[in-house]
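**Q**
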Amino acid sequence: MPQPPYEIDVGGADTLPRWFAAGRDASLAIVERFRVEQPTQTIFHYTSSAALISIVRNNELWLSDATFLNDRVEIAHGREIARARIEAATSWDGHPEVRAMMKAALDIFETKPDPVVYVACFSWEGDDLAQWRGYGRGDAPIAIELECDPLMFGYTSEGMLHEVRYEQEDQSWTFDQVLRAYWDAYAEDVRNPMPSPRPEPMPVEEENALCAGKLYHDLWRYVVACKNPAFRSEREVRFTYIAHDFASSSRGWYPEHPAPLFRERAGLIIPYLSSSNLNFRNWDRIGELPPLPIRSVRIGPIEDQTLVARGVRRLLKAHGYNSVEVTQSGVPFRHR
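Under our numbering, the final residue of the sequence shown carries the number 337; numbering is consecutive throughout.
1) Nearest CA to the CA of residue 36: which residue from 166, 86, 314 and 303?
2) Can you tell me whether DSSP reads residue 63 as helix, strand or coil?
3) Starting from residue 203, trace the alpha helix (DSSP H) both ways and give me its first and last residue.
4) Could you say if the region 323–334 and the region 82–97 meet the contact criterion of at least three C-beta pairs nearer than 8 Å?
5) If we count the other Cβ atoms within 10 Å of its Cβ and call it buried at 16 or more, is residue 65 buried or exposed?
6) Do you know how far the Cα of residue 177 is from the Cα of residue 73?
7) I need the DSSP call for residue 266, collapsed to helix, strand or coil.
8) Taking the DSSP output, what are the residues bridged to residue 31?
9) Over the uninterrupted alpha helix (DSSP H) stretch that includes residue 312, give me the two end residues.
10) Between the alpha carbons of residue 242 and residue 161, how many angstroms are there, rounded?
11) If we ignore side chains and look at the alpha-carbon of each, how far apart do residue 106 and residue 33 end up?
12) Locate the alpha helix (DSSP H) running through residue 98, then write down its first and last residues.
13) Would DSSP call residue 281 helix, strand or coil?
14) Let me check understanding here. Comparing Cα to Cα, which of 221, 282, 290 and 202 lies closest to residue 260?
15) Could you pull out every residue in the same chain whose Cβ sits closer than 6 Å to the Cβ of residue 164, ignoring the five residues on either side in sequence?
16) Less than 8 Å between the CB atoms is what I'm expecting for residue 217 and residue 110, so what's the real figure, rounded?
17) Is the region 181–191 close to the region 16–33, with three or more CB pairs under 8 Å?
18) Does the pairing of the region 124–133 with the region 312–320 give three or more beta-carbon distances under 8 Å?
19) Taking the alpha-carbon positions, what's the residue 51 to residue 271 distance?
20) Does the beta-carbon distance from residue 298 to residue 133 come in below 8 Å?
21) Alpha carbon to alpha carbon, how far is residue 258 from residue 244? Give it in angstroms, no decimals.
22) To which residues does DSSP link residue 118 through a beta bridge?
23) Which residue wins for smallest C-alpha separation from residue 171, given the options 143, 233, 186 and 211?
24) For the putative contact between residue 67 and residue 119, defined by C-beta atoms under 8 Å, what is the C-beta separation to the nearest angstrom?
25) Assuming residue 141 contacts residue 301 under a Cβ cut-off of 8 Å, what Cβ separation, rounded to an integer in Å, is found between them?
26) State the DSSP-derived secondary structure class of residue 329, mapped to helix, strand or coil.
27) Apart from the five residues just before and just after residue 294, which ones in its own chain have a Cβ nearer than 8 Å to its Cβ?
28) So, under 8 Å CB-CB, residue 256 and residue 247 are touching, yes? Tell me the CB distance rounded to an integer number of Å.
29) So residue 277 and residue 75 are in contact, right, with Cβ under 8 Å, and what is the actual spacing, rounded?
30) Taking the beta carbon of residue 79 as the centre, do at least 16 other beta carbons fall within 10 Å, making it buried, or is it exposed?
31) Tell me the DSSP secondary structure of residue 166 in three-state form.
32) Taking Cβ to Cβ, would you say residue 115 is nearer than 8 Å to residue 179?
33) Could you tell me the distance, in whole angstroms, from the CA atom of residue 185 to the CA atom of residue 169?
34) Provide the residue(s) that pair with residue 47 in DSSP beta bridges, ordered along the chain.
35) Please confirm whether residue 45 and residue 144 have their CB atoms less than 8 Å apart.
36) Can you give me the C-alpha to C-alpha distance between residue 268 and residue 70, rounded to a whole angstrom?
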């Protein structure tokens, strides 16, 4: 495996600047706020019978470029809330160097092209009429139940499973939590710097840029989890891969994102990534890719569910999914 020639020898944990852990600290607080006592253990991917064949045969789901889907509007919605919260944070009371770092992060949002976001969509709901209506045009609608696991597609540093937030109060609170964690950590580093692993301390301008860039990246993890409240009944969960342009911020080694594949839909050529290949191109995969954690397959409202179910069972058995349950939707079928 090639080793990145990092520009900073970070040494041990006791030499890292405090802001380096700010994103993690914020994520723990966010998880705690939205944690439920008995979380649902499975999520559902709505698709068609034709797509089910590809998913099972190739052991993969597709993450499509969000700018080619309806998700582009939703991501713009989250991006604008994040940008507005950073702008508000630049007026917080505190050390001028901390405000300068926040302004640098705001400048990245306003001047840098957005990263490419690839997304695969799921739901907590396994038999939802609104979602059945959106799938299976010309094919049988299908809902694949998968065990909910952040590592369900193998390890990838840029891939994350998100529960979508619909209420603007929750969205703003989430961004403010990240911003406050960075603000407090950076302010403490200004007041009481950690021992530097370098012969000379890092220049203020360099640390400012590094912290602002990391803050920008961490905010995008939550940008992609925002959606208009009108869609709250979907109870959506997203697996996203955010392809930040690391090359533009690195003078040496940087991770190379997987090359996109392409598919056609309704005349559009849509870039996508396969869940089976989310590792960096210049970084060896660690371990084998596990089988998709499919627990059940539900046949949606269609005239002959029983016949469709027979074919699904044979497909699953042919690919080793012998214990996967095949069920039928309870939503009544209506002839069109």
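Backbone N, C-alpha and C fix where the C-beta goes; we use that ideal spot for every residue, glycine too.
**A** In short:
1) 166
2) strand
3) From DSSP, residue 203 is part of no alpha helix (DSSP H); its letter is neither H nor E.
4) no
5) buried
6) 23 Å
7) strand
8) Answer is none; residue 31 lacks a bridge partner.
9) 306–319
10) 7 Å
11) 26 Å
12) 97–112
13) coil
14) 282
15) 238
16) 7 Å
17) yes
18) no
19) 18 Å
20) no
21) 7 Å
22) 243
23) 233
24) 7 Å
25) 7 Å
26) strand
27) 147, 148, 150 and 153
28) 6 Å
29) Not confirmed; about 26 Å, so no contact.
30) buried
31) strand
32) no
33) 24 Å
34) 144
35) yes
36) 13 Å
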